[in-house]
Amino acid sequence: MYKVLTLNNIAVAGLRRLPRDRYEVSSESSSPDAVILRSHNMHDMTIPESVAAIGRAGAGVNNIPVSAMSDRGVPVFNAPGANANAVKELAVAGLLLAARNICDAREYVKSLTSTGDELAKDVENGKKKFVGFELPGRTLGVIGLGAIGVEVANVALALGMKVVGFDPKITVKRAWQLSSGVKQVETLDRLFKASDVVSVHVPLVDGTKGLVSADRLSLMKDGSVIINFARGGVVDSKAALQALNSGKLHAYVCDFPTPELIAHPKVIALPHLGASTTEAEENCAVMVAENVKEYLENGNVRSSVNFPEAVIPRADAWRITIANANVPNMVGQISTCLAQAGLNIADLLNKSMGDIAYTIVDLDGPVSEETMQAIRGIKGVLRLRNLGKPIS
Ligand SMILES: NC(=O)c1ccc[n+]([C@@H]2O[C@H](COP(=O)([O-])OP(=O)(O)OC[C@H]3O[C@@H](n4cnc5c(N)ncnc54)[C@H](O)[C@@H]3O)[C@@H](O)[C@H]2O)c1
Ligand SMILES: O=C(O)CC[C@@H](O)C(=O)O
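All residue numbers for the sequence shown refer to UniProt numbering, where the first residue is 1 and numbers rise by one.
Right, dumping it as structure tokens:
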């Protein structure tokens with residue numbers, strides 16, 4: 001029986017992918033084989049040694065100690081693209097909320113107590129305070145052209161906007177998806193100078209902390225808009241508040257409220273709602289449950305943020321998997337241990353990503369505990385798993 005600890009509500013459609021005859025899924029477990037979560041902060045918890053895999057039912061992994069897990073030979077899986085449409089739709093909604101002053105206008109209408117002709121007068125008199133702007137001809141700058149950024153850029157073009165994008169590490173897959181109408185800019189400063197609206201879609205890592213800074217905001221035209229459905233830390237919120245006060249910014253739309261942001265009348269803050277649709281929650285849960293199951297049962301790695309993609313279809317063989325430091329002669333030493341035990345290798349795959357290498361070995365006989373100990377003793381081996389024969 002595999003034990004899976006859930007740290008947030010995970011859509012039932014995903015949990016159903018973990019059959020009850022083989023999986024015990026619970027929100028309390030002291031020795032789980034895997035953890036599945038959404039935004040729970042794992043940095044503050046002690047992660048049991050039993051954990052062999054972590055699955056993030058979403059895109060961002062800044063709530064998970066990924067580097068510490070790599071040191072332990074534990075893959076962290078996420079669900080790339082599974083919530084991109086949901087975030088795109090909310091980013092576009094945010095753009096329209098800001099452009100047409102919809103939140104303030106709604107507040108105004110809610111405040112009206114008049115009726116009949118008086119109400120009609122209040123409506124007509126009040127609306128001049130909420131005159132907005134239209135999108136065609138305005139420029140949207142998209143920072144981060146990944147699963148979400150590409151969708152936001154493409155839909156903005158369809159709405160008649162000019163779109164400029166910045167992503168020095170755009171993948172070939174995303175470049176193919178990006179409309180040819182999106183203009184690439186070479187530097188962030190150029191993007192800020194060119195844009196009426198900037199939307200950020202980058203992960204929160206050291207290099208993106210405070211990326212939307214006072215200096216960059218100062219390059220924008222007066223009355224610009226920042227949209228942040230990435231992470232709170234990507235925008236220097238003090239600088240954003242100052243820019244709102246000076247009129248440099250017309251609005252700051254963000255999914256990550258702080259008391260200061262909530263208190264400001266020009267901030268449109270939402271409760272981390274980007275991925276909160278039934279469809280996105282199900283897509284993420286299904287993708288991550290499938291990938292965690294595939295790793296637990298077959299050792300295959302798909303969509304991990306710290307492990308290389310590594311898949312060997314399951315044959316009628318005994319399988320071991322080894323996560324190790326990406327240094328020379330590891331496969332040689334592992335093969336020697338197996339040869340000394342008289343085991344014949346039927347198939348072997350060795351892949352690496354950064355400092356981590358991962359090896360799947362299919363053998364024509366079972367691996368004894370003694371051989372497992374010998375492999376575990378090789379310097380650089382981080383984690384060894386004996387998966388036996390496939391579950392029939
Ligand atoms: N509000 C929400 O509910 C919600 C939902 C999903 C994702 N997110 C956030 O959005 C982020 C992006 O999601 P995604 O699915 O598009 O991820 P993704 O990995 O597909 O795309 C991220 C892109 O950012 C680029 N990038 C990284 N650093 C950059 C930098 N300094 N400058 C420019 N580009 C840079 C990468 O090359 C990549 O193409 C996630 O990491 C997460 O933090 C929030
Ligand atoms: O799980 C959520 O609701 C938010 C997910 C989102 O922040 C992500 O990074 O995918």
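Where is the CB? At the ideal position from N, CA and C, for every residue including glycine.
It should be emphasised that the depicted structure is a prediction, and the values quoted were computed from it without experimental measurement.
- Fully enclosed alpha helix (DSSP H) runs of no fewer than 4 residues occupy 330-340 and 369-376 of the UniProt domain "ACT" (319-389), in order along the chain.
- A residue is called buried once 16 or more other Cβ atoms fall within 10 Å of its Cβ, and M45, having fewer, is exposed.
- T321 is classed as buried because its beta carbon has at least 16 other beta carbons within 10 Å across all chains shown.
- Counting only the Cα atoms, N85 lies some 19 angstroms from I10.
- For G144, the shortest C-beta to heavy atom distance toward ligand 1 is below 7 angstroms.
- For V142, no alpha helix (DSSP H) encloses it; the enclosing beta strand (DSSP E) starts and ends at T139 to I143.
- When rounded, the separation of the alpha-carbon atoms in G81 and A341 is 44 angstroms.
- Relative to the non-hydrogen atoms of ligand 1, the Cβ of F192 never comes closer than 7 angstroms to any of them.
- Using a 10 angstroms sphere on the CB of A275, the tally of other CB atoms reaches 16 or more, which defines it as buried.
- Secondary structure note for V150: its alpha helix (DSSP H) is the uninterrupted segment A147 to A158.
- Going by C-alpha positions, S31 is about 35 angstroms away from T208.
- Listed in chain order, the non-local C-beta contacts of A289 below 6 angstroms within the same chain comprise G14, R17 and L18, local neighbours out to five positions each way being set aside.
- S304 places its beta carbon less than 8 angstroms from that of P75.
- Secondary structure of G181 (DSSP, three-state): coil.
- Counting only the Cα atoms, G146 lies some 38 angstroms from G388.
- Secondary structure note for I262: its alpha helix (DSSP H) is the uninterrupted segment P259 to A263.
- Around the Cβ of D167, a 10 Å sphere holds 16 or more other Cβ atoms; the residue is buried.
- Runs of the beta strand (DSSP E) lying entirely within the region 184-213, each at least 3 residues long, are 197-200 in chain order.
- From the listed residues A243, G181, V234 and S237, the smallest Cα separation to L217 is found for A243.
- Judged by the Cβ position, S276 qualifies as a neighbour of ligand 2 at the 7 angstroms threshold, a heavy atom of the ligand being closer than this.
- Under the three-state reduction of DSSP, V4 is assigned to strand.
- Relative to ligand 2, the nearest heavy atom lies less than 7 angstroms away from the CB of N83.
- A residue is called buried when at least 16 other Cβ atoms come within 10 angstroms of its Cβ; M42 meets this threshold and is buried.
- For R56, the enclosing beta strand (DSSP E) has its first and last residue at A53 to R56.
- A residue is called buried once 16 or more other Cβ atoms fall within 10 Å of its Cβ, and G365, having fewer, is exposed.
- At a Cβ-Cβ threshold of 8 angstroms, K351 and P308 count as neighbours.
- Taking the Cα positions, V87 is about 20 angstroms away from R100.
- Under DSSP, G165 takes part in a beta bridge, and its partners are V142 and Q184.
- I227 and H201 have their alpha carbons spaced roughly 9 angstroms apart.
- R190 and G299 have their C-alpha atoms some 45 angstroms from each other.
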